[in-house]
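> Please find one structure pasted underneath; my questions will follow.
Residue numbers (the numbering used here), protein chains in the order written: chain A, 1 to 358; chain B, 1 to 850.
In structure tokens:
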């Protein structure tokens with residue numbers, strides 16, 4: 001069956017695709033950073049428990065903050081999923097249906113992980129030896145969720161494999177035959193460990209700056225996690241590169257050149273990030289790390305465009321302009337962000353004022 | 001059409017969306033109202049300087065945070081997931097139209113998270129007024145989320161001008177936007193009270209428990225007044241046809257409408273009760289019960305709203321089959337399998353018919369109907385149908401079930417779908433054509449030279465249909481008739497009607513050991529008659545639709561003057577069981593006990609009667625008690641449709657566009673029954689029901705026209721989806737009384753000549769006297785049927801059940817199969833040849849169709 005015949009006809013988009021692509025990349029970047037921090041922290045907490053640390057300042061900090069991380073990861077996952085549906089709905093709806101059972105199971109897995117995160121937080125003191133299985137289960141659930149997301153994105157950009165639906169229409173398909181799937185997934189997961197380490201370093205660095213002398217070893221440990229995981233990720237990234245279809249990574253086309261350049265810059269930026277981390281310089285390592293992630297997110301978008309190029313390009317999407325609704329959103333976005341900033345500052349000020357009161 | 005279908009079978013029919021959405025909607029309304037509850041409860045604690053109350057508010061805030069964040073926000077994402085899995089095409093329209101409404105909602109969702117975390121984390125760490133400000137921000141953001149989602153949800157029910165202008169604002173501020181917003185806002189406040197009651201009921205401090213329970217009860221009672229007002233406004237804002245659909249035309253909505261109305265006073269009464277100080281156990285039980293009732297309450301409301309949208313997923317834009325309304329005509333012409341992207345079988349063949357039917361089911365049905373699951377299970381709903389019955393049902397399903405969309409595909413696709421469901425899923429099949437066993441009849445002797453009498457007998461009914469299940473339903477009671485005329489032969493024959501007695505006796509016994517059915521015929525001027533002979537042929541393999549009776553004429557000394565044999569056609573093989581079930585595999589079509597019960601059930605559902613209860617109470621429901629029927633001289637209720645108009649008017653909607661096979665669905669005319677009532681010369685030359693009676697639409701419309709003009713509103717409703725096949729418009733359809741205004745021989749055989757047409761259009765007999773069965777020859781004494789036999793069996797008839805059966809008298813008196821006296825055989829009665837056409841014009845000639 002001709003895969004092109006299976007691709008649904010897309011609906012019209014309300015503004016030029018560039019706007020939607022911009023918000024997709026921006027919000028996805030934020031989502032990935034948060035997701036990495038959440039999953040990486042859970043993973044490192046698990047390893048800490050495995051190493052015999054049933055109670056450490058780090059696992060206590062993870063337990064205290066993991067629910068926030070889940071909440072913001074989910075929230076920042078909603079926006080890119082929305083923009084991805086607008087731009088690639090006719091691909092992602094199909095892949096979601098093909099793996100529907102797994103896709104829908106994400107909701108149950110997420111609720112379980114989120115609920116366990118609160119158990120970890122509020123029952124941390126009581127759990128004792130139970131912290132290890134709880135942290136383990138949270139990590140496992142989040143790893144499965146991440147794998148299912150990676151699978152969906154793999155299947156979405158692989159229409160040539162869609163016709164397997166006709167033999168198995170029950171929503172039980174995965175795209176395990178995709179040579180990119182495993183390195184892609186591992187790339188994200190190792191990145192999570194790196195960012196988890198960086199988050200640990202940042203958290204304790206702040207404590208250290210506030211005068212907590214016991215925070216210093218944790219800063220170093222966080223930096224080590226970041227540096228080692230990033231180095232490992234270079235190897236995984238190479239595996240990913242090798243698994244890419246031939247002709248994607250090229251300098252002979254503008255798209256190929258952009259993809260190659262963003263990948264190269266990302267890798268190049270990772271080098272100083274590792275160096276700063278090993279030197280214990282948390283903030284420079286953070287900025288370089290975030291820059292590398294941003295470039296990788298950009299490369300990811302370009303790779304998707306290249307993989308879908310035989311079937312579709314964003315410029316083909318019909319536009320039925322509705323800029324007034326876009327303006328409406330921009331207003332709320334700016335006002336909302338301003339309100340959040342004000343609210344945080346207001347809270348900090350108010351708490352400080354209360355604490356300062358005799 | 002555009003997307004693959006997740007083949008869920010038992011979990012299909014939208015089960016997952018119900019499971020996720022009903023729960024999420026409850027929590028998400030709590031997330032709105034609960035925000036205000038926290039702020040006002042905190043303010044109360046502050047004003048009353050009550051630290052215990054403040055502790056309660058803090059604990060409730062934690063409960064609120066955990067529930068709304070963990071379950072509420074993730075199930076919100078779950079709704080998105082499940083929408084796109086089950087209705088990707090509709091989700092795509094919503095996402096592409098309202099992407100920036102949703103994006104704005106995401107901003108408010110972010111504000112909610114930040115505000116709620118800050119609010120909970122800073123309890124006791126901020127000055128109270130400032131802390132409450134965070135709560136107010138949370139509530140404002142949550143309410144704005146409601147505002148934005150309300151616009152999208154309302155669009156699906158009342159898209160307003162959007163289908164025409166595709167404008168974001170037309171769709172967002174749709175006709176139900178404002179009333180729905182107020183409705184949901186007040187509902188959110190009530191739900192906040194319900195959750196508050198639950199946490200308050202578990203407070204250990206009895207004083208505080210009482211105070212907070214009363215506080216929460218006020219959250220039920222105060223918004224309730226506004227809630228009811230906004231509900232009325234909401235209803236009034238719906239287009240009139242939508243209101244009619246939800247509250248009148250959709251029986252499936254009644255449980256939810258009733259549930260909603262029933263829960264309302266329960267909430268009020270419980271709220272009032274809780275104002276009093278109740279024992280702690282009772283208060284807790286009541287709080288939990290109310291929480292559950294709240295879930296039911298909002299569940300009923302969402303079912304009503306979702307149900308009211310049917311048969312659309314986005315009203316007036318996209319059907320629940322994911323077919324755009326504007327594409328429906330094209331898809332119907334080109335076919336679903338040709339239009340859909342995700343199908344394997346583009347053409348239907350004998351080899352793939354069931355598999356293609358499955359694909360059609362996935363595309364057109366699975367979104368609403370599970371296969372063997374809890375959501376509108378298709379196996380259960382279609383259990384009574386045979387494939388052809390279901391095919392007919394699908395062809396008209398939108399007429400009486402307004403929640404159903406019109407079938408989207410071609411007739412061939414419809415048949416494949418029906419086959420898959422009825423045969424593939426339910427194992428039902430249509431009755432196979434019956435192999436008939438030839439029935440032989442002993443014909444009494446007649447000596448043309450010596451016999452002094454000719455006894456002519458006939459059945460005025462071409463076929464008496466019997467449909468009756470004692471103790472349940474009587475649709476067509478038994479009641480065959482016979483007519484006979486005794487002619488004393490001679491050059492001038494005489495009709496004998498005095499000094500003789502005619503009797504009849506059916507062959508065989510009367511069934512179940514009873515004696516043979518027999519009796520006397522009564523002289524009425526020139527003809528001997530008997531009516532209401534209780535023949536019940538049954539539907540079993542041994543059923544005989546052509547029982548024969550010997551008729552004897554005896555003088556006053558009981559000497560036999562003449563005898564003849566006549567057939568009394570009677571059949572119980574009516575097609576009710578094709579759609580109403582009851583027939584087992586291999587059974588003939590008919591009215592079985594289960595069939596009758598199903599008919600009553602459907603009648604109750606569609607007409608708001610309680611006939612099933614009557615039958616279950618032991619009474620036989622007689623159709624003619626309400627519906628007049630000239631056949632059995634029943635007056636019925638003059639305000640209701642007569643039986644023929646009701647039955648034909650209803651069922652014609654499922655048989656549109658068909659020829660004589662439409663008649664064969666119910667009447668015993670097809671080769672799947674033994675009776676095969678069309679057996680005369682007209683059938684032999686290839687004519688069928690439609691030639692004389694018109695297509696089923698015309699046949700029904702004539703009956704309905706009569707009733708409509710008599711001011712019966714139901715007639716207009718039944719006519720709404722019927723289009724005349726022979727007349728130009730509805731007004732041109734001639735009104736018709738059943739059993740009185742009928743087609744007649746002379747409509748084609750004008751002046752007894754060879755016909756110039758084989759089709760009767762809008763021509764009917766004027767009155768009962770004009771009916772073929774009541775008319776006589778030019779002498780005014782000899783009945784047409786005496787020489788030609790009854791309608792549908794006129795000589796030379798060829799009955800498939802026995803070549804002799806419908807020509808017994810021609811064989812007896814003439815040794816051939818022709819009308820009495822045909823081919824100038826006047827000697828049968830006159831004993832000599834005749835020169836004058838004294839019976840009717842054109843009678844002295846060679847028979848044309850011998």
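Heads up, the beta-carbon is just placed ideally off N, CA and C, and yes, glycines get one too. All of these numbers come straight from a predicted model, not from anything done at the bench.
(1) Compile a chain-ordered list of the residues in the region 151–180 of chain B whose CB is closer than 9 Å to at least one CB of chain A.
(2) Against chain B, with Cβ distances strictly below 8 Å, would residue 347 (chain A) count as a contact?
(3) What first and last residue would you give for the beta strand (DSSP E) that runs through residue 458 (chain B)?
(4) Just the Cα atoms here: how many angstroms apart are residue 465 (chain B) and residue 841 (chain B)?
(5) Quick one: which unbroken alpha helix (DSSP H) runs of 4-plus residues sit fully inside the region 31–86 of chain B? Chain order, please.
(6) Between residue 273 (chain A) and residue 285 (chain A), how many whole angstroms is the CB-CB distance? I'm expecting something under 8 Å.
(7) How do the region 180–195 of chain B and the region 140–152 of chain B stand: do at least 3 beta-carbon pairs fall below 8 Å, yes or no?
(8) Label residue 712 (chain B) either buried or exposed according to how many other C-beta atoms from any shown protein chain fall within 10 Å of its C-beta, with 16 as the threshold for buried.
(9) Strictly below 9 Å CB to CB, what residues from chain A border residue 93 (chain B)?
(10) List, in chain order, every chain B residue whose beta-carbon is nearer than 8 Å to that of residue 14 (chain A).
(11) Excluding five sequence neighbours on each side, which residues of the same chain lie with their C-beta closer than 6 Å to the C-beta of residue 23 (chain A)?
(12) Among residues of its own chain, excluding the 5 on either side of residue 362 (chain B), which ones have a beta-carbon nearer than 8 Å to its beta-carbon?
(13) Can you check whether the CB of residue 232 (chain A) is closer than 8 Å to the CB of residue 190 (chain A)?
(14) Taking any Cβ of chain B, which residues in the region 105–126 of chain A have a Cβ under 9 Å from it, in chain order?
(15) Look at the alpha carbon of residue 673 (chain B) and the alpha carbon of residue 374 (chain B), and state the distance between them as a whole number of angstroms.
(16) What does the alpha-carbon distance come out to for the pair residue 656 (chain B) and residue 417 (chain B)?
(17) Return helix, strand or coil for residue 174 (chain B), following the three-state DSSP convention.
(18) Restricting to Cα atoms, I'd like to know which of B:102, B:39, B:423 and B:220 is closest to residue 135 (chain B).
(19) Check whether the region 10–19 of chain A and the region 30–43 of chain A are in contact - that is, three or more C-beta pairs closer than 8 Å.
(20) Scan the region 197–262 of chain A and note each continuous beta strand (DSSP E) run of 3 residues or more that stays entirely inside, going in chain order.
(21) Entirely within the region 274–325 of chain A and at least 4 residues each: give me those alpha helix (DSSP H) ranges in chain order.
(22) Could you please tell me which residues of the region 330–342 of chain A, in chain order, have their CB closer than 7 Å to any CB of chain B?
(23) Which residues in the same chain have their Cβ closer than 6 Å to the Cβ of residue 850 (chain B), if we skip the five residues on either side of it in sequence?
(24) Could you name the residues of the region 796–820 of chain B whose beta carbon sits closer than 8 Å to any beta carbon of chain A, in the order they occur along the chain?
(25) Using a 10 Å radius around the Cβ and a threshold of 16 neighbouring Cβ atoms, would you call residue 342 (chain A) buried or exposed?
(26) Note down the Cα distance separating residue 665 (chain B) from residue 694 (chain B), rounded to an integer number of angstroms.
(27) Find the nearest neighbour of residue 60 (chain B) within the set B:43, B:259, B:272 and B:37, judged by alpha-carbon distance.
(28) Would you mind listing the alpha helix (DSSP H) stretches within the region 171–218 of chain B that are 4+ residues and don't spill past its ends, in chain order?
(29) For a contact defined as C-beta to C-beta under 7 Å, what are the partners of residue 8 (chain A) on chain B?
(30) Since residue 649 (chain B) is in the alpha helix (DSSP H), which residue starts that stretch and which ends it?
(31) With a Cβ-Cβ cutoff of 8 Å, do residue 30 (chain B) and residue 195 (chain B) count as a contact?
(32) Starting from the Cα of residue 645 (chain B), find the closest Cα among B:630, B:497 and B:659 and give me that residue.
(33) Report the option in B:703, B:187 and B:688 whose CA atom is closest to the CA atom of residue 226 (chain B).
(34) Please classify residue 333 (chain B) as buried or exposed, where buried requires at least 16 other C-beta atoms within 10 Å of its C-beta.
(35) Quick one: what's got a C-beta closer than 6 Å to residue 126 (chain A)'s C-beta in the same chain, skipping five residues either side?
(36) Grouping DSSP H, G and I as helix and E and B as strand, with all else coil, what is residue 488 (chain B)?
In short, the structure shows the following:
(1) The residues in question are 166, 167, 168, 169 and 172.
(2) As a working note, residue 347 (chain A) is residue 347 in the first chain. Closer than 8 Å to the CB of residue 347 (chain A) there is at least one CB belonging to chain B.
(3) Counted from its first residue, the second chain places residue 458 (chain B) at position 458. Run containing residue 458 (chain B): 453–458, per the beta strand (DSSP E) assignment.
(4) Here residue 465 (chain B) refers to the residue found at position 465 when the second chain is read from its first residue. Here residue 841 (chain B) refers to the residue found at position 841 when the second chain is read from its first residue. Near 34 Å, if we compare the C-alpha coordinates of residue 841 (chain B) and residue 465 (chain B).
(5) 51–66 and 74–86
(6) The residue labelled residue 273 (chain A) in the question sits at position 273 within the first chain. The residue labelled residue 285 (chain A) in the question sits at position 285 within the first chain. Sure, about 5 Å apart at Cβ, within 8 Å.
(7) yes
(8) Walking along the second chain from the start, residue 712 (chain B) turns up at place 712. With 16 or more Cβ atoms within 10 Å of its Cβ, residue 712 (chain B) is classed as buried.
(9) Counted from its first residue, the second chain places residue 93 (chain B) at position 93. Per Cβ cutoff of 9 Å: 11.
(10) Within the first chain, residue 14 (chain A) is the residue found at index 14, counting from 1. One finds 96, 97, 99, 100 and 168 in chain B with Cβ atoms closer than 8 Å to the Cβ of residue 14 (chain A), taken in chain order.
(11) Here residue 23 (chain A) is taken as the residue at index 23 of the first chain, counted from 1. So the qualifying residues of the chain are 83.
(12) One-based indexing of the second chain puts residue 362 (chain B) at position 362. Cβ within range, chain order: 5 and 7.
(13) Stepping through the first chain from its first residue, residue 190 (chain A) is reached at position 190. Stepping through the first chain from its first residue, residue 232 (chain A) is reached at position 232. Yes. Within cutoff.
(14) 106, 107, 108, 110, 111, 114, 115, 117, 118 and 122
(15) Counting from 1 along the second chain, the entry for residue 673 (chain B) is found at position 673. Counting from 1 along the second chain, the entry for residue 374 (chain B) is found at position 374. Straight-line Cα distance between these residues: approximately 37 Å.
(16) What you label residue 656 (chain B) is simply residue 656 of the second chain in a count that begins at 1. What you label residue 417 (chain B) is simply residue 417 of the second chain in a count that begins at 1. Taking the straight line from one Cα to the other gives about 18 Å.
(17) To locate residue 174 (chain B), count along the second chain from 1; it is residue 174. The DSSP-derived three-state label of residue 174 (chain B) is coil.
(18) Here residue 135 (chain B) refers to the residue found at position 135 of the second chain. When only C-alpha atoms are compared, the closest one is B:39.
(19) No, the region 10–19 of chain A does not touch the region 30–43 of chain A.
(20) none
(21) 282–308
(22) 332, 333, 336, 339 and 340
(23) Numbered from 1 along the second chain, position 850 holds the residue referred to as residue 850 (chain B). So no residue of the chain qualifies.
(24) none
(25) By one-based count along the first chain, residue 342 (chain A) stands at place 342. Label assigned to residue 342 (chain A): exposed.
(26) On the second chain, position 665 is the one that residue 665 (chain B) refers to. On the second chain, position 694 is the one that residue 694 (chain B) refers to. One C-alpha to the other measures close to 15 Å.
(27) Position 60 of the second chain, counted from the start, is the residue given in the question as residue 60 (chain B). Minimum Cα distance to residue 60 (chain B) is reached at B:37.
(28) Correct list: 177–201.
(29) Here the question's residue 8 (chain A) lines up with position 8 in the first chain. Simply 2, 3 and 341.
(30) By one-based count along the second chain, residue 649 (chain B) stands at place 649. 643–651 is the span of the alpha helix (DSSP H), which, as asked, contains residue 649 (chain B).
(31) On the second chain, residue 30 (chain B) is found 30 positions in, with the first residue counted as 1. On the second chain, residue 195 (chain B) is found 195 positions in, with the first residue counted as 1. For residue 30 (chain B) and residue 195 (chain B), yes; Cβs fall inside 8 Å.
(32) Translated into positions along the second chain, residue 645 (chain B) becomes position 645. Comparing Cα positions, the closest option is B:630.
(33) Locating residue 226 (chain B) in the second chain gives position 226, where the first residue counts as 1. Checked all of B:703, B:187 and B:688; the closest Cα to residue 226 (chain B) is B:187.
(34) Counted from its first residue, the second chain places residue 333 (chain B) at position 333. So residue 333 (chain B) counts as exposed.
(35) Walking along the first chain from the start, residue 126 (chain A) turns up at place 126. Here the set comprises nothing.
(36) Counting from one through the second chain, the residue named residue 488 (chain B) turns up at place 488. DSSP places residue 488 (chain B) in strand when its eight states are reduced to three.
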